[in-house]
Amino acid sequence: MADKTFTLIDNANNRSMELPVRQGTQGPPTIEISSLYKELGVFTYDPGFMSTASCKSAITYIDGEAGVLEYRGYPIEQLAEQSHFLEVVYLLLYGELPAPAEMENFEGIITHHTMIKEKLKDLFNGFHYDAHPMAIMTGVVGSLSAFYHDSLDIHNPQHREISAHRLIAKMPTIAAASYKHSKGEAFIYPRNDMSFAANFLHMMFATPCEEYVPDPVAVKALDILLILHADHEQNASTSTVRLAGSSHANPFACIAAGIASLWGPAHGGANEAVIDMLEMIGDVSQVPKYVAMAKDKNDPFRLMGFGHRVYKNYDPRARIVRKVCHEVLASTCHAGSPMMELALKLEEIALQDEYFIERKLYPNVDFYSGIIYRALGIPNNMFTVMFAIARSVGWIAHWTEMIADPHQLIGRPRQVYEGAPKRDYVPVDKRRKS
Ligand code: SDX
């Protein structure tokens, strides 16, 4: 709703304009500028969208200064403590916590979509054994639209819903298959008698030769990590999915675009980069040297897992992941693991350093998650895949919210043109000689 206005005064041209101000349920007031170009012939310029709301949404709320994260109004701390991943999936998709019967029905639907077409498995053979699993995820998830012609009418709510269910259910199966492909091992079918997290660990570590029972501590830790990574407002990969979806591309193609965006080390690829960084630092005695490098403008090295575009406070998810990390390490006989000690020391030194304090750089969700995945036996190059499994829920929830909006428009930003002014073509024999 817009009941207040913001007066824009253009002194140079002696004119002004009243811009409507929209106030959401929570968060800062927002100035609606969509008529600016039509009325005044000017653009706004905001590279990286530091001060730009790209859409309205009712899914997730973040307060970066206060370190607050809420899914459909529920604080992430309460969901991590009291809920479970599939219940959070239901909440993100449908906006309310499910009644018991709704939860049972939803669990059955997702469970019975976890298998992938046998023909889809042939795609994996096109990848070399050492292909990065995120490359496989991008390709295989994008190819799902080639297998599900029956549900690609994005204007049909039933098609949107079954595509969401298929995607959420099949992400772990495709992810585990990417891992098995890299090991040259047989793919393991999903089990309908296991929870979402347990099923994933089973598909990752079981073999056809013997039973594999996932460790309950590992299952619980993974379930919490999936909850924490499920959604995060208009981050780079979610914005990528929305922009791809705004052209009415099919949902699987849009999610593949989101996977590609998440892969970057500045975004979801940071969890893998954190472990690579900790392995490079190697020892607590080296921490001051690397902290100095991170502060040096002439050195491209940054502390991976530190800093955030929105959080200028401790990432509430990082606080929870750090606690889970201690629990998993203790239960998997890794208590006092050198890597955990190194991470804690790095955090301690950085948080006392004026450079990080002044720039409000804190550990983010990626700083500790890799240590947990490692303790669960998941290899480094699968860490961002873990992020993608969880974030596919947020992506498809935002895609659905956008496509269901009757006022949805194709996303088409403008630019500040700084290229050559208009000039005439020069025949090749009239051009400079070199
Ligand atoms: C995720 O958007 C989301 O919600 C993302 C995410 C989600 O759930 O979807 O939360 C997941 O992507 C978490 C972020 C994971 N990335 C990393 O951990 C990579 C390391 N972090 C940085 O690359 C950086 O902090 C970003 C990319 C996360 C944020 O960058 P910004 O907001 O563009 O901030 P910036 O680069 O302008 O940094 C501000 C200042 C700069 O110094 P000055 O130019 O002011 O002197 O802080 C410095 C930066 O050089 N800085 C760092 C730093 N991060 C920022 N210096 C050293 N080490 C760092 N990690």
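Going by this note's numbering, the sequence shown wraps up at 487, each residue one higher than the last. The C-beta atom is built at its ideal place from N, Cα and C for all residues, glycine as well. Note that the structure is a prediction, hence the values are computed from the model and not measured.
What separation, rounded to the nearest whole angstrom, lies between the Cα atoms of residue i and residue j?
i: Ile221; j: Ala229; result: 14 Å
i: Phe305; j: Val479; result: 46 Å
i: Ser88; j: Val193; result: 41 Å
i: Leu61; j: Lys350; result: 37 Å
i: Ala184; j: Asn303; result: 26 Å
i: His208; j: Asn433; result: 39 Å
i: Thr226; j: Met256; result: 7 Å
i: Cys108; j: Ser292; result: 10 Å
i: Leu146; j: Ala111; result: 11 Å
i: Gly179; j: Lys170; result: 16 Å
i: Val446; j: Lys273; result: 19 Å
i: Met54; j: Ile86; result: Confidence at Met54 is low in this model, with a pLDDT of 49, below 50, so the placement of that residue should be treated as unreliable; the coordinate-derived value is given next. One C-alpha to the other measures close to 14 Å.
i: Gly120; j: Asn366; result: 5 Å
i: Gly80; j: Arg476; result: 47 Å
i: Ala450; j: His282; result: 14 Å
i: Met168; j: Ile162; result: 12 Å
i: Lys172; j: Pro153; result: 36 Å
i: Ile215; j: Ile431; result: 30 Å
i: Ile373; j: Met393; result: 15 Å
i: Pro82; j: Met455; result: 21 Å
i: Gly101; j: Arg295; result: 16 Å
i: Ile277; j: Ile463; result: 35 Å
i: Lys376; j: Pro369; result: 11 Å
i: Asp352; j: Met333; result: 15 Å
i: Lys486; j: Asp329; result: 49 Å
i: Gly77; j: Met435; result: 37 Å
i: Pro151; j: Asp116; result: 26 Å
i: Ala396; j: Arg484; result: 59 Å
i: Gln211; j: Met247; result: 27 Å
i: Arg68; j: His202; result: 54 Å
i: Tyr199; j: Glu401; result: Note that residue 199 is Ala in the sequence shown, not Tyr. C-alpha separation (whole angstroms): 49 Å.
i: Ser300; j: Arg465; result: 10 Å
i: Glu118; j: Lys413; result: 9 Å
i: Val363; j: Leu382; result: 30 Å
i: Asp63; j: Ile84; result: 16 Å
i: Glu149; j: Pro269; result: 28 Å
Taking Cβ positions, are residue i and residue j nearer each other than 7 Å?
i: Gly472; j: Asn324; result: no
i: Pro261; j: Asn252; result: no
i: Asp406; j: Val327; result: no
i: Glu309; j: Gly195; result: The question names Glu, but residue 309 in the sequence shown is Ala. Yes, they are a contact pair.
i: Met439; j: Tyr421; result: no
i: His165; j: His218; result: no
i: Phe96; j: Arg467; result: yes
i: Gly321; j: Cys307; result: no
i: Asn417; j: Ala347; result: no
i: Lys398; j: Val340; result: yes
i: Thr453; j: Ala313; result: no
i: Gly311; j: Ser338; result: no
i: Tyr182; j: Ser235; result: yes
i: Tyr90; j: Val469; result: no
In the DSSP output, what is residue i paired with across the bridge?
i: Thr83; result: Arg75
i: Val121; result: Asp116
i: Lys57; result: Val74
i: Asp175; result: According to DSSP, which records beta bridges pairwise, Asp175 is partnered with nothing at all.
i: Ala260; result: For the record, residue 260 in the displayed sequence is Thr; it is not Ala. DSSP lists Glu263 as partners of Thr260.
i: Ile62; result: Ser69
i: Phe359; result: Pro416
i: Pro128; result: Glu123
Give the C-beta separation of residue i and residue j to the nearest angstrom, bearing in mind that I take them to be a contact with Cβ-Cβ under 8 Å.
i: Val141; j: Tyr114; result: Wrong, their Cβ atoms sit about 15 Å apart, outside the cutoff.
i: Leu139; j: Glu155; result: Wrong, their Cβ atoms sit about 11 Å apart, outside the cutoff.
i: Tyr415; j: Phe359; result: 7 Å
i: Leu488; j: Ala259; result: Not covered by the structure: residue 488. The range shown for the chain is 54 to 487.
i: Leu356; j: Ala319; result: Actually they are not in contact, since the Cβ atoms of Leu356 and Ala319 sit about 13 Å apart, beyond 8 Å.
i: Thr385; j: Ala441; result: Contact doesn't hold; Cβ gap of about 24 Å is too wide.
i: Met187; j: Trp316; result: 5 Å
Does the CB of residue i have a neighbour CB from chain C at under 7 Å?
i: Asn66; result: Absence of chain C from the displayed structure is noted, only one protein chain being present.
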